[in-house]
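For reference, the structure is listed below as structure tokens.
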Amino acid sequence: MKKAMTLALGILTSVGGFFDVGNIATTAQAGASFRFQLIWSLLLATLLVIFLVEMSGRFAAVSGKALPDAIREHFGFTFWLVPFAVLTLIHLLTLGAEIGGICFALHLVTGIPVQLWAPVVAVLTWFFLWRSTFSTIENSTSLLGLLTLVFVVAALLHHPPSGEVVAGMLPSLPDHDPEKYWFIAVSILGAVIAPYLFYFYSSGAVEDEWDPSYIGVNRVVALVGMGFGSAISLGAIVVAAMVLAPRGIEVSDYHQAALMLTDAFPFWGFVLFAAAMGIACLGAALEVALSMAYTTAQTFGWNWGEDLSPREDARFCLVYTGAILLSALLIMFGVDPLRLTLLTMAINAAALPFVVIPFLLLMNDGKLLREHRNGWLSNAVILFIVILSFVLAVVSIPLAIRGGS
Amino acid sequence: MELVRDVLDKQLVDREGTKMGRADGIVLEIRADGPPRVDSLTLGFAVLASRLHPRFGDWFARVRARWSVRKSGRYRIPWSAVEEVHQHHIQLAVRAIETPAFDWERWLRRHVIEHIPGSE
């Protein structure tokens with residue numbers, strides 16, 4: 001029974017972590033500007049993230065350790081400092097983007113400016129973390145997250161040309177705006193293979209007290225959970241391609257993305273979009289803030305855990321409180337949520353080598369993982385990710401400057 | 406046992422199972438009449454800073470002296486308080502709450518956390 005329940009962790013991680021503000025922004029842009037042509041990058045990223053998440057869960061189940069904890073223990077503080085700093089930056093930017101997403105959703109239904117919503121959303125997000133346990137957050141957000149299935153429903157209602165959708169699953173060269181094309185491709189990879197995601201996942205598995213008997217469950221969770229998230233993203237690309245592309249609407253602002261559901265659901269479209277975006281971003285914001293606190297507490301060896309009362313892990317609580325405050329300030333001071341999101345996705349892609357390489361080394365540690373260490377297939381995939389991530393690291397920032405504007 | 410591999414950076418756990426920091430540093434005692442002996446484990450941001458560069462350590466110690474709630478930047482745990490070195494943690498025979506390792510935790514608890522509703 002408990003094992004069946006842990007499927008919820010996977011669904012939380014996929015809805016909250018997989019389908020979040022980054023996916024909404026990048027899939028809407030991909031569909032609007034290049035119709036089905038960028039589906040391949042979503043599929044590639046999904047395949048890679050399934051492997052990473054599976055490894056992260058397997059690592060936690062066998063060693064009983066979350067990744068930041070284990071990396072510091074094994075490689076020492078000096079080695080861990082750079083990935084830790086990179087992760088901290090990513091956590092803050094991502095949290096800012098997610099909070100921006102929630103604020104935009106609220107702006108869409110109320111008309112009150114995004115900036116004014118930021119303090120309210122910050123307090124709301126903080127209060128959730130302050131009061132609830134890990135399983136409450138897990139269960140409530142994964143249940144509400146089902147709302148994001150509207151993108152899949154809308155995609156089916158539009159009867160997309162299946163030939164073109166299938167053709168988009170294979171990489172092809174763009175016939176216009178190549179810089180923009182590659183920028184969106186990189187952003188999709190950065191949005192799906194979000195580094196915080198697989199670091200968070202291992203802490204979540206420790207919170208849920210996984211042991212080696214969870215290896216099978218973990219495999220299913222990684223596959224089904226990430227597949228579920230990917231199907232929603234695919235739905236969003238299809239909807240954007242069917243609704244925005246024919247009208248020549250390019251997504252340079254979330255308001256344009258918000259038109260996506262209005263064809264399939266004429267009256268409720270806006271509200272549904274706002275609700276789906278708000279829920280997905282709230283789930284992700286909770287995860288990212290927690291992830292930041294897990295990473296910091298484990299780095300310094302503090303007491304940590306969302307199931308402890310704040311009295312028992314004061315410093316852990318201080319970290320997520322500070323993170324929410326700092327990230328909300330970005331939005332309060334008028335940083336555009338969409339631009340922040342796209343920049344963050346490019347930085348995500350560039351950060352991959354720093355966070356994947358220590359992880360790869362650990363996964364091959366026979367003393368730690370015994371017979372559960374990586375096999376040749378996982379190593380081949382992760383090696384591919386490392387090489388790809390080096391390329392992304394080199395191209396993503398210039399692309400962000402040239403293709404993103 | 407190898408000190409760097411098996412002790413340094415490992416999680417420290419107190420008598421009640423509370424995580425109370427990591428083995429940020431190890432102090433060895435050089436003796437005239439025998440091989441060096443492990444004197445104590447040290448922990449604290451100042452120890453970490455000096456591992457990056459000794460100058461960072463000094464700089465940190467100065468900043469800390471002015472601002473920190475902690476009386477000492479480097480808290481030493483005598484090796485005699487180490488009960489056992491496990492694969493993933495070091496068991497100590499102390500109570501975290503009574504040690505300087507928890508200065509910050511105690512301060513935050515008393516001055517911030519307990520004033521916010523719902524902290525129990």
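The listed protein sequences correspond, in order, to chains A and B.
Per our numbering, residue 1 is the first one in the first sequence, and the count goes up by one each step.
Per our numbering, residue 406 is the first one in the second sequence, and the count goes up by one each step.
We put the beta carbon where it would ideally sit given N, CA and C, even for glycine.
As the structure is a prediction and not an experimental result, all values here were calculated from the model.
8 Å Cβ cutoff met for L93 of chain A and L340 of chain A: For the purposes of this step, residue 93 of chain A is identified with residue 93 of the first sequence, where counting begins at 1. For the purposes of this step, residue 340 of chain A is identified with residue 340 of the first sequence, where counting begins at 1. A contact, by the Cβ cut-off of 8 Å.
Outcome for R315 of chain A when other beta-carbon atoms lying within 10 angstroms are tallied against a minimum of 16: Position 315 of the first sequence, counted from the start, is the residue given in the question as residue 315 of chain A. That one is buried.
Contacts that K3 of chain A makes with chain B (C-beta to C-beta distance below 8 Å): Position 3 of the first sequence, counting from 1, holds the residue named residue 3 of chain A. Those within 8 Å of K3 of chain A in chain B number zero; the least Cβ separation is about 24 Å.
Selection of the stretch 315-327 of chain A by Cβ proximity to chain B, strictly under 8 Å: R315, C317 and L318
Check whether G269 of chain A and A105 of chain A have beta carbons under 8 Å apart: Counting from 1 along the first sequence, the entry for residue 269 of chain A is found at position 269. Counting from 1 along the first sequence, the entry for residue 105 of chain A is found at position 105. In this structure, A105 of chain A does not lie closer than 8 Å to G269 of chain A by Cβ.
Local conformation of E312 of chain A per DSSP, three classes: What you label residue 312 of chain A is simply residue 312 of the first sequence in a count that begins at 1. Coil.
Continuous alpha helix (DSSP H) stretch holding D444 of chain B: start and end: For the purposes of this step, residue 444 of chain B is taken as the residue at position 39 of the second sequence. Segment R442 to L448 is the beta strand (DSSP E) holding D444 of chain B; no alpha helix (DSSP H) there.
Any C-beta of chain A under 8 Å from that of T423 of chain B: By 1-based counting over the second sequence, the position of residue 423 of chain B is 18. Yes, because at least one Cβ of chain A sits closer than 8 Å to the Cβ of T423 of chain B.
Environment of W376 of chain A [buried if 16+ CB atoms lie within 10 Å]: As a first step, residue 376 of chain A must be located in the first sequence, where it is residue number 376. By the 10 Å Cβ count, W376 of chain A comes out exposed.
Stretch pair the stretch 343-357 of chain A + the stretch 101-115 of chain A: three plus CB contacts closer than 8 Å: no
Where the alpha helix (DSSP H) containing Y294 of chain A begins and where it ends: What you label residue 294 of chain A is simply residue 294 of the first sequence in a count that begins at 1. It spans G269 to F300 - the alpha helix (DSSP H) in which Y294 of chain A sits, taken as one unbroken run.
Through-space distance from S252 of chain A to S405 of chain A, alpha-carbon basis: Mapped onto the first sequence, residue 405 of chain A falls at position 405. Mapped onto the first sequence, residue 252 of chain A falls at position 252. With a pLDDT of 49 at S405 of chain A, under the threshold of 50, the predicted position of this residue should be treated as unreliable, though the coordinate-derived value follows. Distance between the alpha carbons of S405 of chain A and S252 of chain A is about 8 Å.
Chain A contact for E503 of chain B (CB, 8 Å cutoff): Within the second sequence, numbered from 1, the residue matching residue 503 of chain B stands at position 98. Taking Cβ atoms only, chain A never reaches closer than 8 Å to E503 of chain B, which makes this a no.
Min CB distance E407 of chain B to chain A below 8 Å: As a working mapping, residue 407 of chain B is identified with position 2 in the second sequence. Chain A, which has no Cβ nearer than 8 Å to the Cβ of E407 of chain B, makes this no.
Chain-ordered residues of the stretch 428-442 of chain B with a beta carbon less than 8 Å from chain A: D429
Contact list for the stretch 58-92 of chain A against chain B, Cβ threshold 9 Å: S63, G64, K65, D69, A70, R72, E73, H74, F75, G76, F77, T78, W80 and L81
Near-chain B residues of the stretch 127-139 of chain A (beta-carbon distance less than 7 Å), N- to C-terminal order: W130 and R131
Beta-carbon neighbours of W509 of chain B, restricted to chain A and to distances below 7 Å: In the second sequence, residue 509 of chain B corresponds to position 104, counting from 1. Residues of chain A passing the Cβ test: R315.
For I385 of chain A and A264 of chain A, the rounded distance between their alpha carbons: Your numbering for residue 264 of chain A matches position 264 in the first sequence. Your numbering for residue 385 of chain A matches position 385 in the first sequence. So the two alpha carbons sit approximately 37 Å from each other.
Minimum C-alpha distance to N218 of chain A - residue among A:L124, A:V53 and A:I397: Position 218 of the first sequence holds residue 218 of chain A. Residue A:V53 is the option with its Cα nearest to N218 of chain A.
Cutoff 8 Å: D414 of chain B Cβ touching any chain A Cβ: For this step, residue 414 of chain B is matched to residue 9 along the second sequence. Answer yes: the Cβ-Cβ gap between D414 of chain B and chain A drops below 8 Å somewhere.
Per DSSP, cross-strand counterpart(s) of G334 of chain A: The count along the first sequence starts at 1 and reaches residue 334 of chain A at position 334. Beta-bridge pairing links G334 of chain A to no other residue.
For E489 of chain B, three-class secondary structure by DSSP: Counting from one through the second sequence, the residue named residue 489 of chain B turns up at place 84. DSSP places E489 of chain B in strand when its eight states are reduced to three.
Where the beta strand (DSSP E) through I495 of chain B begins and ends: Working through the second sequence from its first residue, we reach residue 495 of chain B at position 90. Run containing I495 of chain B: H494 to L497, per the beta strand (DSSP E) assignment.
Buried/exposed call for P398 of chain A, threshold 16 Cβ in 10 Å: The residue labelled residue 398 of chain A in the question sits at position 398 within the first sequence. By the neighbour-count rule (16 or more Cβ atoms within 10 Å), P398 of chain A is not buried but exposed.
The ligand GDP heavy atom lying under 7 Å from the CB of Q298 of chain A: Only the bare structure without any ligand can be found here, which leaves the ligand GDP out of the picture.
Minimum Cβ-Cβ distance from S405 of chain A to chain B less than 8 Å: Taking the first sequence and counting its residues from 1, the one referred to as residue 405 of chain A is at position 405. Low confidence applies here, because S405 of chain A scores a pLDDT of 49, under 50, leaving its location unreliable and the question unanswered by this model.
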